[in-house]
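Numbering (my numbering), first residue to last: 165 to 301. Where is the CB? At the ideal position from N, CA and C, for every residue including glycine. First up is the structure itself, then whatever we jot down about it.
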């Protein structure tokens, strides 16, 4: 994982690139200013991993390895879109939604925080998670 100084540099460069885009969704590579051409998915993923581990967000969107999900109790890793590991998961119950899509409940420990949510098995390799509430004494 990157450190705070590197995060600040990467975050500033990504912000400069977004400002240059000015809301556009497409561009020609040769039109990108030279100083912003090195921004790539690896840099964006490093920033994402840093922010997840330091800010502990309430909600997350993660990816799972579909070949690892077979039965309840299976374990594996949740990742970013580029494949950087965020933490381990365990799958629970399996069910079908009203349209026949297959889903599974999933619990994941990411950055020392427990998250729970739904793995949309038949729709893709992603899961939406929310931070678990802590037990009250």
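- Nearest-angstrom Cα separation, counted from residue 268 out to residue 190: 35 angstroms
- For the beta strand (DSSP E) that residue 218 lies in, which residues bound it at each end? Taken as a continuous stretch (DSSP letters only), residue 218 belongs to no beta strand (DSSP E), being part of the alpha helix (DSSP H) at 205-219.
- Counting only runs that start and end within the stretch 217-298, where is the beta strand (DSSP E) found for 3 or more residues in a row? 223-228, 239-243, 249-260, 266-274, 277-283, 290-295
- Over what stretch of residues does the alpha helix (DSSP H) that includes residue 191 continue unbroken? Looking at the DSSP string, residue 191 is not in any alpha helix (DSSP H), and its letter there is neither H nor E.
- Residue closest to residue 290, alpha-carbon to alpha-carbon, out of 222, 244, 167: 244
- Message: DSSP three-state label for residue 177, please.
- Response: helix
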